[in-house]
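Each remark here refers to the structure printed beneath this line.
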Amino acid sequence: MDKGLKKILLLGDTGKVGNAIRSVMSKDFIIIGKNSSNFDPYNFKFIENVVQEEKPEIVINTIAMMGIDPCELDPAKAFLLNAMLPKALAELSAKYNFVLVHFSTDAVFNDSKHDFYTEADTPSPLNIYGATKYSGDCLIQALAARYYIFRISVLFGYTEKRNQFVEKMLQKVDEGAKLLRISKDIISSPSYSIDIASKLKFFLKNNEKYGLYHIANEGKASLFDIMKYIAEYLRKDIVVEEASYLDFPFSGIKNTFTPLKSMKTSPLRPWKEAIEDYCKYLFKVI
Ligand SMILES: NC(=O)c1ccc[n+]([C@@H]2O[C@H](COP(=O)([O-])OP(=O)(O)OC[C@H]3O[C@@H](n4cnc5c(N)ncnc54)[C@H](OP(=O)(O)O)[C@@H]3O)[C@@H](O)[C@H]2O)c1
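If you use this note's numbering, the sequence shown corresponds to residues 32 to 317, in order.
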């Protein structure tokens, strides 16, 4: 192991962001990965022991209870993972002096702005997912000094589990679906997990100012726009049809308009360019 490289403890190394971080950053950092097979995010004494043992200079947390529906159904678990875990990590960051990197979400905002949300906008969550993630943001800001909180929006990118929107749709196509009905009325800033990880690498390598940042590929799009563009680019023989999110079962209140922009850092490339790169990757693996 190269002694000159900084050590990262990556919590959630098997997820979408975790995978991208590994693929973009493993040459420049020593990465110790944790996931549900070897990490207990509810046991804060265990977490402190891991920190004492590994002595990381940077801890990246991607563990969360994701999505609006699961959080509405189990708010107590959502609070533990999305607020209490970041709180514990913030306290450990202050105690052991590591840099804490945490990922948050556009779902902290309500839909009233009708424009891009920046770091200057005050969150006002509509659902348990947004409320618990916002709690996590507040606790880190209150308790840690050396932190980056990156608010990101709907992601596309490699994930083995294919359990999130874009990859779930691609899975359906692989299984023979010829028609995808997708909501046109949920609008955000689609982002490529690889671009998010590259930006994080830039922040860490250049010791950028600590704080909260919005990171997204430039522009905004509906879930329908994203899948339509992917299907066209991959030249898939399928029909992508406009629908409303109200056509599908859901819990709680959905966020419908939360595109992100930063006033503090440059945007990632436009979302269509990022999708083209992702499709080039998909061409290689399918
Ligand atoms: N994906 C999006 O569209 C999106 C949008 C906005 C914000 N975000 C935020 O970005 C962050 C990362 O999202 P992601 O898409 O990378 O998530 P993901 O693909 O669901 O990955 C989550 C990671 O956390 C681990 N994990 C989950 N529950 C765990 C538990 N109880 N114990 C131990 N490990 C656990 C998973 O390990 P296993 O594989 O072992 O389960 C996996 O490595 C989250 O904070 C999320 O709120 C994501």
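Heads up, the beta-carbon is just placed ideally off N, CA and C, and yes, glycines get one too. Since the model is a prediction, treat every value here as computed from it, not as a measurement.
Going by C-alpha distance, which of the options is nearest residue i?
i      : options                           : result
Phe279 : Tyr241, Arg212 and Ser293         : Arg212
Lys393 : Lys38, Val197 and Ser229          : In the structure as shown, the chain starts at 32 and stops at 317, and residue 393 therefore has no counterpart that could be examined.
Ser220 : Asp44, Thr289, Lys236 and Ala119  : Thr289
Glu122 : Asp44, Lys76, Lys215 and Ala228   : Lys76
Asn66  : Thr93, Lys58, Gly283 and Leu116   : Thr93
Glu307 : Asp226, Leu291, Lys236 and Asn237 : Asp226
Leu104 : Thr287, Lys315 and Ser282         : Ser282
Phe314 : Ala109, Lys164, Leu201 and Asn80  : Leu201
Ile52  : His133, Val316, Gln83 and Glu84   : His133
Ile171 : Ala228, Gly242 and Thr136         : Gly242
CA-CA distance, residue i and residue j?
i      : j      : result
Asp256 : Lys303 : 10 Å
Leu111 : Glu88  : 25 Å
Cys169 : Ile61  : 29 Å
Ala162 : Ser184 : 16 Å
Gly250 : Leu265 : 21 Å
Phe181 : Ser166 : 14 Å
Lys240 : Ala176 : 11 Å
Tyr312 : Asp100 : 30 Å
Asn74  : Tyr127 : 18 Å
Ala274 : Ser253 : 11 Å
Ligand 1 and residue i: does any heavy atom of the ligand fall closer than 7 Å to the residue's C-beta?
i      : result
Ser54  : no
Ala162 : no
Pro154 : no
Gly35  : no
Pro72  : yes
Met97  : yes
Leu186 : yes
Ile183 : yes
Thr136 : yes
Report, in whole angstroms, the separation of the C-beta atoms of residue i and residue j, which I expect to be a contact under 8 Å.
i      : j      : result
Leu131 : Tyr178 : 4 Å
Thr149 : Met56  : That belief does not hold up - the Cβ atoms of Thr149 and Met56 are roughly 27 Å apart, past 8 Å.
Pro156 : Val139 : 5 Å
Asn248 : Asp142 : Their Cβ separation, rounded to whole angstroms, is 20 Å, which puts Asn248 and Asp142 out of contact at 8 Å.
Phe24  : Leu41  : Outside the shown range of the chain, which is 32 to 317, sits residue 24, and nothing can be said about it.
Here's a check: name, in chain order, each residue in its chain whose Cβ is nearer than 6 Å to the Cβ of residue i, leaving out the five neighbours to either side.
i      : result
Tyr309 : Phe187 and Tyr223
Tell me which residues share the same chain as residue i and place their Cβ nearer than 8 Å to its Cβ, disregarding the 5 neighbours each side in the sequence.
i      : result
Ile269 : Val204, Ala208, Lys209, Leu210, Leu211 and Ala262
Lys292 : Phe147, Tyr148, Thr149, Ser220, His245, Ala247 and Pro298
With a CB to CB cut of under 7 Å and the five nearest residues on each side skipped, what residues in its chain are close to residue i?
i      : result
Asp152 : Phe140 and Lys144
Thr190 : Gly46, Lys47, Asn50 and Glu198
Leu174 : Lys118, Ala121, Glu122 and Ala125
Any heavy atom of ligand 2 within a distance shorter than 7 Å of the CB on residue i?
i      : result
Asp105 : Ligand 2 is absent from the structure shown, which contains only ligand 1.
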